[in-house]
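In the working numbering, the protein residues as written are 36 to 506. The C-beta atom is built at its ideal place from N, Cα and C for all residues, glycine as well. It should be emphasised that the depicted structure is a prediction, and the values quoted were computed from it without experimental measurement. Below is one structure; the comments refer to it alone.
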Ligand SMILES: *Cc1c(COP(=O)(O)O)cnc(C)c1O
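Listed below in structure tokens is the structure:
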């Protein structure tokens with residue numbers, strides 16, 4: 036494809052992109068594809084000869100779009116949002132066009148220095164104190180893994196990387212029973228062993244109980260196990276609960292334990308001064324992660340990871356072969372030492388586009404709108420005689436269940452709600468995620484798509500009640 040053709044086709048593709056977004060509400064939110072359907076529509080081998088671009092475009096409509104679950108649909112209420120925005124999409128086009136590898140400062144100074152700068156903008160915007168340095172990781176999972184590795188090396192006095200973990204003291208990691216699965220995954224990858232992962236009980240509010248954390252630490256100390264890292268959550272995936280950072284940080288400080296805060300979803304809400312109290316005590320954290328790629332209009336992937344002492348992470352991850360040594364090594368930031376992959380995309384560009392296009396006030400307005408919509412929906416659920424609000428709303432996340440008169444005991448109610456969830460998701464007007472709260476089956480709603488307005492939540496609620504009453 037020569038550049039003249041590229042220009043022509045790029046315009047055609049932008050038409051397709053804009054139309055997709057304009058007409059997205061006509062599509063079912065969740066793909067109706069059966070397993071194997073997309074693969075069956077694709078040939079078994081790559082074409083030997085070049086094909087016309089028009090054929091590709093046609094196959095987008097024929098094969099790809101029916102196989103998509105539309106995350107940018109304003110009635111997408113499942114999981115957490117992975118919202119996006121036109122400025123972010125445009126920046127992604129530029130990132131793909133420049134196609135630099137920002138592994139070192141030298142391999143694109145603008146990518147490195149913009150990353151440092153926009154992450155500092157974000158740090159200030161969420162009220163994280165001075166002294167935290169930021170880096171973009173692909174995902175919160177990866178940031179948490181990096182934190183666990185740095186915590187491990189610090190606890191082992193930097194000997195783990197040299198000598199391996201066999202023969203060293205067992206190291207324990209603590210997180211609440213409601214913590215995300217990525218913590219357990221990180222614990223296993225970082226070599227702690229699942230046996231040394233402590234899931235700390237939560238209270239009525241689903242937040243980690245500090246006295247239970249203290250007790251678990253004491254039990255480990257008595258047994259000769261070294262407490263190494265606590266991963267606290269702001270905004271759990273299940274119900275949006277937040278662990279109390281103040282007492283947790285105090286416990287970590289007293290025992291010399293590394294504190295990592297996973298605020299993957301809820302971190303965006305810290306842009307709102309009225310929600311800053313959720314993070315009270317965060318100044319004690321060693322590292323903190325949140326995902327602008329969830330609730331801050333920035334395309335996946337963009338996870339903002341802030342470190343109190345980045346040198347602990349770079350000491351853990353840095354390896355310097357001759358071909359990666361540059362004149363500036365040591366005097367500039369080489370982000371390759373701040374994460375697991377060597378190669379890095381220019382991801383700061385989309386954050387820069389988003390922050391400048393909306394301003395912090397524009398982002399705050401969106402966050403407040405979503406939180407208000409969740410409150411409104413919670414009100415409708417409370418008023419419906421045959422429905423019950425189970426948790427929340429915590430920020431823009433709530434869980435509820437259908438509970439009609441005479442529906443039977445808990446097992447029957449669980450089964451009924453599972454049928455309801457499947458029927459709602461098959462229907463296509465909205466898309467919800469199941470959950471379990473106090474071992475009961477619940478339906479979980481998370482509001483956060485960029486263009487979700489009141490009418491979309493109304494339409495979704497109407498679909499849910501209609502389908503429930505028709506079961
Ligand atoms: C979504 C989520 C994660 C995982 O995020 P990725 O960026 O997909 O790795 C981790 N922790 C919490 C609390 C989350 O909500």
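Practice prompt. Starting from residue 132, follow its DSSP beta bridges and name the residues at the other end.
Written response: For the purposes of this step, residue 132 is identified with residue 97 of the chain shown, where counting begins at 1. None, per the DSSP bridge assignment.
Margin query: Any heavy atom of ligand 1 closer than 8 Å to the beta-carbon of residue 405?
Written below: The residue given as residue 405 occupies position 370 in the chain shown. No, ligand 1 has no heavy atom inside 8 Å of this Cβ.
(message) Buried or exposed for residue 480, going by 16 or more other Cβ atoms inside 10 Å?
(response) Taking the chain shown and counting its residues from 1, one reaches residue 480 at position 445. So residue 480 counts as buried.
### Query
Along the chain, where does the alpha helix (DSSP H) that runs through residue 227 open and close?
Position 192 of the chain shown, counting from 1, holds the residue named residue 227. No alpha helix (DSSP H) contains residue 227, which DSSP labels as neither H nor E.
| said: Please tell me whether, using a cut-off of 8 Å, the distance from the CB of residue 271 to the nearest non-hydrogen atom of ligand 1 is below it. | reply: By one-based count along the chain shown, residue 271 stands at place 236. Yes; taking the cut-off as 8 Å, the Cβ of residue 271 has a heavy atom of ligand 1 nearer than that.
| said: Per the DSSP calculation, residue 429 is bridged to which residue(s)? | reply: Working through the chain shown from its first residue, we reach residue 429 at position 394. Residue 429 pairs with 432.
Flag residue 106 as yes when its Cβ comes closer than 8 Å to any non-hydrogen atom of ligand 3, and as no otherwise. Looking for ligand 3 in the displayed structure turns up nothing; the ligands present are ligand 1.
Could you check the C-alpha separation between residue 554 and residue 437 for me, to the nearest Å?
Residue 554 lies beyond the stretch modelled for the chain, which goes from 36 to 506, so this question has no answer here.
Separation of residue 259 from residue 204, as counted between CA atoms: Position 169 of the chain shown holds residue 204. Position 224 of the chain shown holds residue 259. Taking the straight line joining both Cα atoms gives about 8 Å.
- Determine the contact status of residue 329 and residue 117, defining contact as a CB-CB distance below 9 Å. In the chain shown, counting from the first residue as 1, residue 329 sits at position 294. In the chain shown, counting from the first residue as 1, residue 117 sits at position 82. In this structure, residue 117 lies closer than 9 Å to residue 329 by Cβ.
Original post:
Around the Cβ of residue 459, are there at least 16 other Cβ atoms within 10 angstroms (buried) or fewer (exposed)?
Top reply: Numbered from 1 along the chain shown, position 424 holds the residue referred to as residue 459. It counts as buried.
Q: Could you pull out every residue in the same chain whose Cβ sits closer than 7 Å to the Cβ of residue 173, ignoring the five residues on either side in sequence?
A: Within the chain shown, the letter at position 138 stands for residue 173. Once the five neighbours on either side are set aside, the close Cβ partners of residue 173 are 336 and 338.
**Message:** Going by DSSP in three states, residue 68 sits in which element: helix, strand or coil?
**Reply:** For the purposes of this step, residue 68 is taken as residue 33 along the chain shown, with counting starting at 1. The answer is coil: DSSP assigns residue 68 none of H, G, I, E or B.
_alpha helix (DSSP H) runs wholly inside the region 331-386, at least 4 long, in chain order_ = 345-352
Consult DSSP for residue 297 and reduce its assignment to one of helix, strand or coil. Numbered from 1 along the chain shown, position 262 holds the residue referred to as residue 297. Strand.
Exercise. Around the Cβ of residue 405, are there at least 16 other Cβ atoms within 10 angstroms (buried) or fewer (exposed)?
Worked result: In the chain shown, counting from the first residue as 1, residue 405 sits at position 370. So residue 405 counts as buried.
Span of the beta strand (DSSP E) holding residue 470? As a first step, residue 470 is located in the chain shown; it is residue number 435 there, counting from the start. It spans 468-472 - the beta strand (DSSP E) in which residue 470 sits, taken as one unbroken run.
(request) Pick out whichever of 271, 387, 255 and 167 has its Cα sitting closest to the Cα of residue 218. (result) In the chain shown, the residue the question calls residue 218 occupies position 183. Per the Cα distances, 271.
Residue 385: beta carbon under 8 Å from a heavy atom of ligand 1?
-> Within the chain shown, the letter at position 350 stands for residue 385. Checking the Cβ of residue 385 against ligand 1 gives no.
In the DSSP assignment, find the beta strand (DSSP E) that holds residue 202 and state where it starts and stops. Within the chain shown, numbered from 1, the residue matching residue 202 stands at position 167. First-last for residue 202: undefined, no H or E at that position.
Segment contact, 8 Å Cβ cut-off, at least three pairs: the region 226-242 with the region 297-307: no
Exercise. Can you list, in chain order, the residues of its chain whose CB lies under 6 Å from that of residue 195, leaving out five sequence neighbours each side?
Worked result: Residue numbering aside, residue 195 sits at position 160 when the chain shown is read from its first letter. Same-chain partners within the cutoff: 187 and 188.
Exercise for the section: Answer with buried or exposed for residue 208, where buried requires no fewer than 16 other C-beta atoms within 10 angstroms of its C-beta. Expected result: Residue mapping note: residue 208 aligns to position 173 of the chain shown, counting from 1. Buried, by the Cβ-count rule.
With DSSP run on the structure shown, which of helix, strand or coil describes residue 246? Here residue 246 refers to the residue found at position 211 when the chain shown is read from its first residue. Three-state result, residue 246: helix.
Worksheet item: Any idea if residue 314 is buried or exposed, counting beta-carbon neighbours within 10 angstroms, 16 or more meaning buried?
Response: Here residue 314 refers to the residue found at position 279 when the chain shown is read from its first residue. Per the 10 Å Cβ criterion, buried.
For this session: May I ask you to list the residues that DSSP assigns as paired with residue 172?
Result: Walking along the chain shown from the start, residue 172 turns up at place 137. Per DSSP, 338.
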